[in-house]
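J.:
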Amino acid sequence: MNEVQRIIQERQSARVPFDANRKVSKQDLREILDAGRWAPTAHNMQNYSIIVVDDKEVLNVIGNTKSRISEEFLRENYEQLSFSKEELVKKKTGILGAMFPPAWVDPSKMAEAARKSEPMPLTQSIRGSPCLLIVVYDPQKRAPASEGDVFGFMSLGCVMENMWLMAQSLGISLQILSTFAAPVVEKQVKQVLGIPETLKIAYTCRLGYPQGSTKYLRVRREIEDFTHYNKFGNKGI
Ligand SMILES: Cc1cc2nc3c(=O)[nH]c(=O)nc-3n(C[C@H](O)[C@H](O)[C@H](O)COP(=O)(O)O)c2cc1C
Numbered sequence: 039m040n041e042v043q044r045i046i047q048e049r050q051s052a053r054v055p056f057d058a059n060r061k062v063s064k065q066d067l068r069e070i071l072d073a074g075r076w077a078p079t080a081h082n083m084q085n086y087s088i089i090v091v092d093d094k095e096v097l098n099v100i101g102n103t104k105s106r107i108s109e110e111f112l113r114e115n116y117e118q119l120s121f122s123k124e125e126l127v128k129k130k131t132g133i134l135g136a137m138f139p140p141a142w143v144d145p146s147k148m149a150e151a152a153r154k155s156e157p158m159p160l161t162q163s164i165r166g167s168p169c170l171l172i173v174v175y176d177p178q179k180r181a182p183a184s185e186g187d188v189f190g191f192m193s194l195g196c197v198m199e200n201m202w203l204m205a206q207s208l209g210i211s212l213q214i215l216s217t218f219a220a221p222v223v224e225k226q227v228k229q230v231l232g233i234p235e236t237l238k239i240a241y242t243c244r245l246g247y248p249q250g251s252t253k254y255l256r257v258r259r260e261i262e263d264f265t266h267y268n269k270f271g272n273k274g275i
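Per my numbering, the very first residue in the sequence shown carries number 39; after that it's consecutive.
1) Would you mind sorting residue 39 into buried or exposed? The rule is 16 or more other CB atoms within 10 Å of its CB.
2) Return yes when at least one heavy atom of ligand 1 lies under 8 Å from the C-beta of residue 51, else no.
3) Could I get the ranges of all uninterrupted alpha helix (DSSP H) runs contained in the segment 65-115, with 4 residues as the minimum, in chain order?
4) Could you tell me the distance, in whole angstroms, from the CA atom of residue 118 to the CA atom of residue 172?
5) On the CB-based measure, 16 or more other CB atoms within 10 Å of its CB, does residue 278 come out buried or exposed?
6) Measure the beta-carbon distance from residue 212 to residue 165 and round it to whole angstroms, keeping in mind my assumption that it falls under 8 Å.
7) Counting only C-beta atoms, is residue 137 closer than 9 Å to chain B at any point?
8) Under 8 Å, with one C-beta from each stretch per pair, do the segment 244-258 and the segment 156-170 reach the 3-pair mark?
9) For residue 169, which residues from the same chain have a beta carbon less than 6 Å from its beta carbon, with the 5 sequence-adjacent residues on both sides left out?
10) Leaving aside the five residues before and after residue 101 along the sequence, list all residues of the same chain whose C-beta is less than 8 Å from its C-beta, in chain order.
11) Mark residue 267 as exposed unless 16 or more other C-beta atoms lie within 10 angstroms of its C-beta, in which case mark it buried.
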């Protein structure tokens with residue numbers, strides 16, 4: 039296995055608390071941002087700005103931002119769940135329901151769970167992370183010939199992956215937090231950070247050094263499951 043293969047395979051979501059007192063060094067941050075900078079983007083538009091937040095006070099203010107879980111999220115989330123390790127291994131896609139509170143994974147209780155949910159502070163998502171990278175874009179600047187700006191969003195994804203692989207190579211854990219893009223959260227975070235009204239938050243990377251093991255059951259489809267050789271429907275390569 040060469041170095042690129044190794045880092046690709048070792049990269050994973052780190053969903054455990056991070057050590058709040060172990061900062062990510064400026065030098066490592068610059069290397070991660072440099073990797074993002076060299077990502078491919080549609081028409082080389084480089085359609086992003088990144089707000090690096092590692093000031094404890096600012097992290098605390100962001101952490102106090104509150105939002106509630108929506109029934110829509112719970113229902114869409116449910117579609118991707120498996121309820122045992124065996125089921126997940128068989129399905130090869132999605133995530134384990136055990137990651138969520140019981141009421142979130144029971145369709146008969148979702149409406150009530152959402153209605154009764156207390157607003158949750160972002161600290162519960164940030165979980166001690168000493169550094170956030172908040173990736174924003176300008177929705178007015180669409181990539182050419184790109185319906186719904188799909189190429190623009192793909193470009194933001196390329197930036198994400200480049201930064202994630204670089205973080206991995208530096209021994210820094212990362213979790214994507216898409217909750218920052220939820221309208222209620224986005225509005226408050228934009229206010230705290232002075233992000234111009236016209237920009238939107240795409241996603242946030244939570245960086246740091248984990249407390250405890252980040253290992254969990256990760257599954258993928260086989261190459262044959264998604265590859266069609268020379269003609270759609272011809273399996274395998
Ligand atoms: C666009 C995007 C949004 C994601 N949002 C979240 C998120 O909000 N929370 C989270 O824990 N993981 C999030 N993830 C990570 C995926 O759940 C994860 O990559 C997938 O389950 C595969 O697991 P792995 O990263 O450990 O390989 C996101 C990934 C992408 C590409």
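Heads up, the beta-carbon is just placed ideally off N, CA and C, and yes, glycines get one too.
T.: On the basis of the coordinates in this document:
1) Burial state of residue 39 is exposed, judged by a 10 Å Cβ sphere holding fewer than 16 other Cβ atoms.
2) Flag set: Cβ of residue 51 near ligand 1.
3) When DSSP assignments are scanned along the segment 65-115, the uninterrupted stretches of alpha helix (DSSP H) that are 4 or more residues long and fall wholly within it turn out to be 94-101.
4) Straight-line Cα distance between these residues: approximately 26 Å.
5) The displayed coordinates of the chain run from 39 to 275. Any statement about residue 278 would go beyond what the structure contains.
6) That pair is no contact at about 13 Å.
7) In the displayed structure, chain B is absent; only one protein chain is listed.
8) Under the 8 Å Cβ criterion, the segment 244-258 counts as touching the segment 156-170, having at least three qualifying pairs.
9) Correct list, in chain order: 62, 92, 245.
10) 159, 160, 161, 164.
11) Residue 267 is exposed by the Cβ-count criterion.
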